[in-house]
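**Student:** Would you mind keeping the following structure in view while I ask a few things?
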Amino acid sequence: MLLRVSLMIPLLALAVGCGRSGPELQPVSGVVTVNQQPLEAGRILFRPLDGTEGKATSAGIQQGEFTVTRQDGLAPGNYRVEIEAAADLGFEIDDDVAFAQRGGKPLPPNPVPPKFNRNSTLTASVAPGDNNILEFNLDVPAPSKK
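What follows is the structure, encoded as structure tokens:
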């Protein structure tokens, strides 16, 4: 019996000490507009810059608004921000049958240019506290007509 109790004490100590370590995660919310209009649907991604602890985190954008909860939140610091618009295909992008029925037609152009997503120059700072409200106002030139 004494052997069982002595083996249980280190296990209990490990269980109690196995909490999340690192900086406290912060909730973040905000608005994304393209030419002063809310981005209908898309995704925003926050990638930590050098010196910022934490992981990349993303959130969906609906009617121009996004929210990252404290549970999924960001560590205080600086981030590179990527914004993607959702393509309006009339079906879900992972619907293979509907996609095949498009007959090889090209996807519609992304209304958010690469300088705001894969080649993003956008950044954001996240501070400790609950008031991390960010605005991204993207000025996108109209596509040229060929």
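Each position in the sequence shown, counted from 1, maps to that position plus 27 in the numbering used here.
A virtual CB, placed ideally from N, CA and C, is assigned to each residue, including glycine.
Could you pull out every unbroken beta strand (DSSP E) segment of at least 3 residues lying fully inside the region 53–120, listed in chain order?
**Tutor:** Fully enclosed beta strand (DSSP E) runs of 3 or longer: 55–61, 68–75, 84–89, 92–95 and 104–112.
**Student:** Could you work out which residue in E67, D123 and A125 is closest to E92 when comparing CA atoms only?
**Tutor:** In the sequence shown, counting from the first residue as 1, residue 92 sits at position 65. Nearest of E67, D123 and A125 to E92, Cα basis: E67.
**Student:** Should the region 125–137 be called in touch with the region 74–92, which here means at least 3 C-beta pairs below 8 Å?
**Tutor:** The region 125–137, when compared against the region 74–92, does not touch it at the 8 Å Cβ threshold.
**Student:** To the nearest angstrom, how far is the alpha carbon of N164 from that of G130?
**Tutor:** Stepping through the sequence shown from its first residue, residue 164 is reached at position 137. Stepping through the sequence shown from its first residue, residue 130 is reached at position 103. Whole-angstrom Cα-Cα distance: 36 Å.
**Student:** Could you give the residue range of the beta strand (DSSP E) that holds V139?
**Tutor:** As a working mapping, residue 139 is identified with position 112 in the sequence shown. Note, V139: premise wrong, no beta strand (DSSP E); not H, not E.
**Student:** In whole angstroms, give me the CA-to-CA distance for N144 and E80.
**Tutor:** By 1-based counting over the sequence shown, the position of residue 144 is 117. By 1-based counting over the sequence shown, the position of residue 80 is 53. Distance between the alpha carbons of N144 and E80 is about 22 Å.
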